[in-house]
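In this note's numbering, the protein residues as written are 88 to 461.
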């Protein structure tokens, strides 16, 4: 997953505080700072990246070889920054190496530090000419997360999209608060996964008796046509609509999806699944709209209650999928035209939206394997 950090150095505290508060409100909770650490810690639950003892991630390279203060030795194995990185790693510290790409030698130093550090922060005067591609390519297969220091939305977009992969993250050093919000929106868009939905034909609808069903309340408000991908089979999931519609029986609950029985899968970030029975407060799930666009939602509460269940079976190009849903008028799937359709009104021949996964799953992760599910 792509990510963003923020650094607001060079500003008086009141302005820095405003920048950091805006970042936290926008979902950016990793702060790079060197002068106001104690004050920053008071602003909220965040991760601090600094060269100060006790930081969540220790930064190496400032006032050293990384920023040009010290001369890089001809033999990079004698690098003071490299020695510092390895010393901290031996102490089980998370380490971020910082390198300003001032010369070819600095590029070589960055590539070497990236083989050991947890994070590699790169600063360039102009990313259009800095060999970011070389560093990304050279460190493919390494555990390091590559981060480009950027000033605004345009630079962030460029760094994250360099080559096919781009950097893992950006360190935003903004001049205006508006850039923080724009970069946060960019990150949300990049992190959003799209699921290609298909219209399956209903082949069976019948009541099956009582079972434990799971109701998932999230910390997000869902819109018409939006719900969660849920199902009994790992190879395909049904788009179960949120309770965002008013009915004569209950008021709308746009934060809720009455998802299905305890054994069913639900899609979570990273194209992974969990059993509905595993969900707990604070977990992340995906909400998906009728176009297949997804957003991450935090689980606020999970309710498991005994309710009458309905078997729903759908077929798409020879693939048969089944799921169980509560037998109630307020439980809905999403029809081919993107409108919610109640399971009480569902009949053979109706078209409803599903997601077909070409891969089987092992412990919730997609894998290339043949698995027969009935």
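Just so it is clear, CB atoms sit at the ideal spot from N, CA and C, and this is done for glycine as well.
Contact under 8 Å by Cβ, residue i with residue j
i           : j           : result
residue 434 : residue 289 : yes
residue 301 : residue 315 : no
residue 374 : residue 309 : yes
residue 222 : residue 184 : no
residue 219 : residue 152 : no
residue 206 : residue 232 : yes
residue 115 : residue 100 : no
residue 317 : residue 353 : yes
residue 240 : residue 266 : yes
residue 430 : residue 399 : yes
residue 257 : residue 271 : no
residue 344 : residue 377 : no
residue 304 : residue 342 : yes
residue 131 : residue 186 : no
residue 403 : residue 285 : yes
residue 171 : residue 210 : no
residue 123 : residue 102 : no
residue 120 : residue 140 : no
residue 243 : residue 226 : no
residue 297 : residue 393 : yes
C-beta neighbour in chain D for residue i, strict 8 Å
i           : result
residue 342 : In the structure shown, chain D cannot be found, because there is only a single protein chain.
Nearest to residue i (by Cα), restricted to the options the options
i           : options            : result
residue 202 : 228, 423, 177, 187 : 228
residue 322 : 444, 88, 391       : 444
residue 320 : 340, 348, 306      : 348
residue 168 : 204, 133, 406, 142 : 204
residue 138 : 359, 334, 182, 311 : 182
residue 380 : 312, 338, 340      : 312
residue 295 : 146, 414, 90       : 414
residue 424 : 226, 238, 438, 418 : 438
residue 325 : 436, 419, 128, 405 : 419
residue 248 : 140, 274, 287, 388 : 274
residue 307 : 358, 261, 372      : 372
residue 338 : 154, 426, 416      : 416
residue 88  : 225, 254, 180      : 254
residue 117 : 242, 135, 165      : 135
residue 293 : 397, 388, 155      : 397
residue 127 : 146, 145, 105      : 105
residue 154 : 188, 143, 129      : 188
Residues that residue i bridges to, as DSSP identifies them
i           : result
residue 281 : 380
residue 422 : 439
residue 392 : 300
residue 190 : For residue 190, which the question treats as bridged, DSSP gives no partner whatsoever.
residue 207 : 184, 233
residue 413 : 396
residue 427 : 421
residue 527 : Outside the shown range of the chain (88 to 461) lies residue 527, about which nothing can therefore be said.
residue 343 : 304
residue 146 : 183
residue 350 : Partner(s): none; residue 350 has no beta bridge.
residue 287 : 439
residue 320 : 323
residue 259 : 93, 237
Beta-carbon separation (whole angstroms), residue i vs residue j, contact threshold 8 Å
i           : j           : result
residue 401 : residue 408 : 5 Å
residue 340 : residue 333 : Contact doesn't hold; Cβ gap of about 10 Å is too wide.
residue 163 : residue 199 : 5 Å
residue 262 : residue 238 : 7 Å
residue 113 : residue 268 : 6 Å
### Task
Evaluate contact between the stretch 156–169 and the stretch 184–202, counting only Cβ atoms and requiring at least three cross-stretch pairs below 8 Å.
yes
### Validate contact between the stretch 105–123 and the stretch 168–176 using beta carbons, cut 8 Å, 3 pairs
no
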